[in-house]
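Visitor: Mind having a look at this structure? Questions to follow.
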């Protein structure tokens, strides 16, 4: 497991994930709903899962949230907790789908990941702010997860195919 | 295969179903009859629900008549020499204090027995012999004032429910010491309410709500088949409710320090006097008790008000089928476990309420 | 895109749609609203009476700076805020019981206090 090549590539993924996390956080939001993001950082989580497996996927996800929040300055804040929950839950969902339900392509996996990421964030938010009324945003977040998941899945697929050609997976 | 016969059969079944549903759910033949009378120093309202309007009116009349009868028997303030005085068992009992036992009606005897029982149960917090102390405070009278210590001490000596002797065989009551006075203010209204409820519990009455100036007793359901919902007054803001509670075949009575009081300087002196100290009980602002019998609810609301919040809650939890909600003097809202899902406390800045 | 993917899209979309219509039914509307309540970090910091022809405006302190709340008749909104996202400001006015304004970074919720109609009052 600890082969140099893997370690280097893995670090690249983490760096990329962190950068994307920070980048998205400073982007102005198109819609007035909390938690609507492109989810580009999920690309690295997805790649990690497809290339290495669940454990690696989880590690990448957690690290990028941790480092990203550290850089933005929101470490241990409410949005940090939300991102972390979302990232962990979506990684689990994506890894499980990839491993056990072959019928889904990377697009489907990514979309499922995006939706579960949003739901996870909402659950943590409702717990932290002690209100059930935040679920008012649930339908929108679920539906928005589909196109964003599709986009990240599409990009991930392109990257994955490129990497395969370069014989790196 | 859809034959004509089958079609007819289905149509018949559908029509049958629709008529049953219509009859059962939609068509509501419940009528309401509401009556109001001024009794026991307060406005008493009785609302009854049933199918026969005439019957409702008649029964409501009977209920009021019964309450008036209890009022006459328990009236402490009748003028001597008047027929009301002769009718009032309480006046006669008080007159013969220190002299001789007095024969009384069944109802008054029952009230006194209940009072004695709860005197013991509440460790003296509920004591109807508190009359002399109430009189030196003079609530409601033009000369109401903070009594001097000497006067209060002398009055307090006469306060002891154990000095009231009940003879069940002869149905007599004897107050042992001269100057003793019993005051049924903390139970008479509740008792009257319960008697009224017992009368209303007849055939043809599907639901009723008696409201004797805040002493509430409900029966059955009202027209729309939903349980009764009773609001609890905010002790410091008469235009708002503290919350509300569901009531089902029960009584709900509240004692508060805002009903009858006077200000002397910056201090509020209210009419719920503690038999222990002779002074108005100061640890709670309002206590609401829910239990089946309206007389018991009345007794307990007074007793729990006088006890400390901790003791009050403990007692309420110990008693069967009894729930209570308190607002302490420190503006904290507490209640017994049984109310957890039945009470809806409205959020407020002014009060502390822990939902857990 | 596989068939399973397409099914996923359709199912998720339908679930979202259903929730969109069903969720509001679970919130208690139809109750009378009595005042608006502002909670910050789990504690009630202000109760706002909602009188028909009165408006008010006041400022509260959030974690990183102030935010201003405005009321008009029975409506309330966050006029401006120093929070990073300003979703709370974009939310606009709310007026019916069940609707809420939430500011996640400042942990602020604004909602209506409602009362179930009562049959009688004790007290």
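Chains as they are written, first to last, in the numbering used here: chain B, 18 to 186; chain C, 22 to 377; chain S, 887 to 1009. We put the beta carbon where it would ideally sit given N, CA and C, even for glycine.
Along the segment 981-1006 of chain S, where does the CB come closer than 8 Å to a CB of chain C? Name the residues.
Guide: Taking 8 Å as the Cβ-Cβ cut-off against chain C, the residues of the segment 981-1006 of chain S that qualify are 999, 1001, 1002, 1003, 1004, 1005, 1006.
Visitor: Starting from residue 992 of chain S and walking both ways along the beta strand (DSSP E), at which residues does that stretch end?
Guide: Indexing the third chain from 1 puts residue 992 of chain S at position 106. Segment: none, residue 992 of chain S is in no beta strand (DSSP E) and carries neither H nor E.
Visitor: Does the segment 182-196 of chain C come into contact with the segment 112-125 of chain C, if we say contact requires no fewer than three beta-carbon pairs (one atom in each stretch) closer than 8 Å?
Guide: Segments in contact, yes.
Visitor: List, in order along the chain, the chain S residues whose C-beta lies closer than 7 Å to that of residue 176 of chain B?
Guide: Locating residue 176 of chain B in the first chain gives position 159, counting from the first residue. In chain order: nothing, as chain S lies at least about 17 Å away.
Visitor: Report yes if the C-beta distance between residue 137 of chain B and residue 102 of chain B is below 7 Å; otherwise report no.
Guide: By 1-based counting over the first chain, the position of residue 137 of chain B is 120. By 1-based counting over the first chain, the position of residue 102 of chain B is 85. A contact, by the Cβ cut-off of 7 Å.
Visitor: So the candidates are S:934, S:950, S:971; which of them puts its Cα closest to the Cα of residue 1000 of chain S?
Guide: As a first step, residue 1000 of chain S is located in the third chain; it is residue number 114 there, counting from the start. Closest by alpha carbon: S:934.
Visitor: Between the segment 65-79 of chain C and the segment 152-164 of chain C, do at least 3 Cβ pairs fall closer than 8 Å?
Guide: No contact exists between the segment 65-79 of chain C and the segment 152-164 of chain C.
Visitor: How about residue 132 of chain B: is its C-beta nearer than 7 Å to some C-beta of chain S?
Guide: Looking up residue 132 of chain B in the first chain gives position 115. Yes - at least one Cβ of chain S is within 7 Å of the one on residue 132 of chain B.
Visitor: Thinking just about the alpha-carbon of each residue, which of C:217, C:251, C:353, C:230 is nearest to the one in residue 448 of chain C?
Guide: Since the displayed chain C opens at 22 and closes at 377, residue 448 of chain C lies outside it and no answer follows.
Visitor: Compare the Cα-Cα distances from residue 214 of chain C to each of C:36, C:34, C:349, C:313 and report the closest residue.
Guide: Here residue 214 of chain C is taken as the residue at index 193 of the second chain, counted from 1. If we check each option's Cα against that of residue 214 of chain C, C:313 comes out closest.
Visitor: Is the CB of residue 82 of chain B under 7 Å away from at least one CB in chain S?
Guide: Position 65 of the first chain, counting from 1, holds the residue named residue 82 of chain B. No, residue 82 of chain B does not count as interfacial toward chain S.
Visitor: Is there a C-beta anywhere in chain S that falls below 7 Å from the one on residue 242 of chain C?
Guide: As a working mapping, residue 242 of chain C is identified with position 221 in the second chain. So, not an interface residue.
Visitor: For residue 108 of chain B and chain S, any beta-carbon pair shorter than 7 Å?
Guide: For this step, residue 108 of chain B is matched to residue 91 along the first chain. Closer than 7 Å: no.
Visitor: Looking only at C-alpha atoms, which of C:356, C:345, C:325, C:317 sits nearest to residue 133 of chain C?
Guide: Walking along the second chain from the start, residue 133 of chain C turns up at place 112. Ranking C:356, C:345, C:325, C:317 by Cα distance to residue 133 of chain C puts C:317 first.
Visitor: Excluding the 5 residues preceding and the 5 following residue 73 of chain C in the sequence, name in chain order all residues of the same chain whose CB lies nearer than 6 Å to its CB.
Guide: Numbered from its first residue, the second chain carries residue 73 of chain C at position 52. Result list for residue 73 of chain C: 225, in chain order.
Visitor: Could you please give me the residues that DSSP links to residue 344 of chain C through a beta bridge?
Guide: Against the second chain, residue 344 of chain C aligns to sequence position 323. Bridge partners of residue 344 of chain C: C:311.
Visitor: Closest to residue 254 of chain C by CA distance: which of C:247, C:266, C:146 is it?
Guide: Here residue 254 of chain C corresponds to residue number 233 of the second chain, with the count starting at 1. Out of C:247, C:266, C:146, C:266 has the C-alpha closest to the C-alpha of residue 254 of chain C.
Visitor: Looking at C-alpha atoms only, which residue of B:99, B:167, B:42, B:150 is the closest neighbour of residue 892 of chain S?
Guide: Against the third chain, residue 892 of chain S aligns to sequence position 6. Nearest C-alpha to residue 892 of chain S: B:167.
Visitor: Inspect the beta-carbon positions of residue 5 of chain C and residue 374 of chain C and report whether they are closer than 7 Å.
Guide: As displayed, chain C neither begins before 22 nor continues past 377, which places residue 5 of chain C out of reach and without an answer.
Visitor: Scan the segment 939-1006 of chain S and note each continuous alpha helix (DSSP H) run of 4 residues or more that stays entirely inside, going in chain order.
Guide: Taking only runs of at least 4 residues, the alpha helix (DSSP H) segments lying wholly in the segment 939-1006 of chain S are 973-977.
Visitor: Output the residue ranges of the beta strand (DSSP E) runs that lie fully inside the segment 240-269 of chain C and measure 3 residues or longer, sorted by chain position.
Guide: Runs of the beta strand (DSSP E) inside the segment 240-269 of chain C: 249-255, 258-268.
Visitor: Give the secondary structure of residue 283 of chain C by DSSP, where H, G and I count as helix, E and B as strand, and everything else as coil.
Guide: As a first step, residue 283 of chain C must be located in the second chain, where it is residue number 262. The answer is strand: DSSP assigns residue 283 of chain C an E or B state.
Visitor: Could you have a look at residue 35 of chain B and say whether DSSP puts it in helix, strand or coil?
Guide: Your numbering for residue 35 of chain B matches position 18 in the first chain. Of the three classes helix, strand and coil, the one that applies to residue 35 of chain B here is helix, per DSSP.
Visitor: In whole angstroms, give me the CA-to-CA distance for residue 201 of chain C and residue 328 of chain C.
Guide: Here residue 201 of chain C corresponds to residue number 180 of the second chain, with the count starting at 1. Here residue 328 of chain C corresponds to residue number 307 of the second chain, with the count starting at 1. Roughly 23 Å between the two C-alpha positions.
Visitor: Is there contact between the segment 962-972 of chain S and the segment 982-995 of chain S, where contact requires at least three CB pairs shorter than 8 Å?
Guide: They touch, by the three-pair rule.
Visitor: What does a CB cutoff of less than 6 Å around residue 344 of chain C pick up in its chain, not counting 5 residues either side in sequence?
Guide: Locating residue 344 of chain C in the second chain gives position 323, where the first residue counts as 1. Around residue 344 of chain C: 311, 357, 359, 360.
Visitor: Quick one: measure Cβ to Cβ for residue 899 of chain S and residue 87 of chain B, integer angstroms, because I've assumed they're closer than 8 Å.
Guide: For the purposes of this step, residue 899 of chain S is taken as residue 13 along the third chain, with counting starting at 1. For the purposes of this step, residue 87 of chain B is taken as residue 70 along the first chain, with counting starting at 1. Not confirmed; about 36 Å, so no contact.
Visitor: Distance, Cα to Cα, residue 135 of chain C vs residue 323 of chain C?
Guide: Numbered from its first residue, the second chain carries residue 135 of chain C at position 114. Numbered from its first residue, the second chain carries residue 323 of chain C at position 302. Those two C-alpha atoms are separated by around 14 Å.
Visitor: Please confirm if residue 922 of chain S has its CB atom under 7 Å from at least one CB of chain B.
Guide: Position 36 of the third chain, counted from the first residue, corresponds to residue 922 of chain S. Cβ-Cβ to chain B under 7 Å: no for residue 922 of chain S.
Visitor: Tell me the residue span of the beta strand (DSSP E) that contains residue 232 of chain C.
Guide: The count along the second chain starts at 1 and reaches residue 232 of chain C at position 211. Start and end: 226-233.
Visitor: How is the beta strand (DSSP E) around residue 934 of chain S delimited, first residue to last?
Guide: Counting from 1 along the third chain, the entry for residue 934 of chain S is found at position 48. 929-935 is the span of the beta strand (DSSP E), which, as asked, contains residue 934 of chain S.
Visitor: Please name the residues in the segment 317-347 of chain C whose beta-carbon is closer than 7 Å to at least one beta-carbon of chain S, in chain order.
Guide: Answer set for the segment 317-347 of chain C: empty.
Visitor: Considering only the beta carbon of each residue, do residue 74 of chain B and residue 112 of chain B sit closer than 7 Å?
Guide: In the first chain, the residue the question calls residue 74 of chain B occupies position 57. In the first chain, the residue the question calls residue 112 of chain B occupies position 95. Against a cut-off of 7 Å, the Cβ pair of residue 112 of chain B and residue 74 of chain B comes out as a contact.
Visitor: Given that residue 81 of chain C touches chain S, what residues does it touch there, using C-beta distances under 7 Å?
Guide: Residue 81 of chain C sits at position 60 when you count from the first residue of the second chain. By Cβ distance, chain S contributes nothing, its closest Cβ being about 16 Å from residue 81 of chain C, past 7 Å.
Visitor: Using the C-alpha atoms, what's the distance from residue 301 of chain C back to residue 217 of chain C?
Guide: If you number the second chain from 1, residue 217 of chain C lands on position 196. If you number the second chain from 1, residue 301 of chain C lands on position 280. So the alpha carbons of these two residues sit roughly 31 Å apart.
Visitor: Quick one: Cα of residue 199 of chain C to Cα of residue 293 of chain C, how far?
Guide: Within the second chain, residue 199 of chain C is the residue found at index 178, counting from 1. Within the second chain, residue 293 of chain C is the residue found at index 272, counting from 1. If I take the Cα positions, the gap works out to 24 Å.
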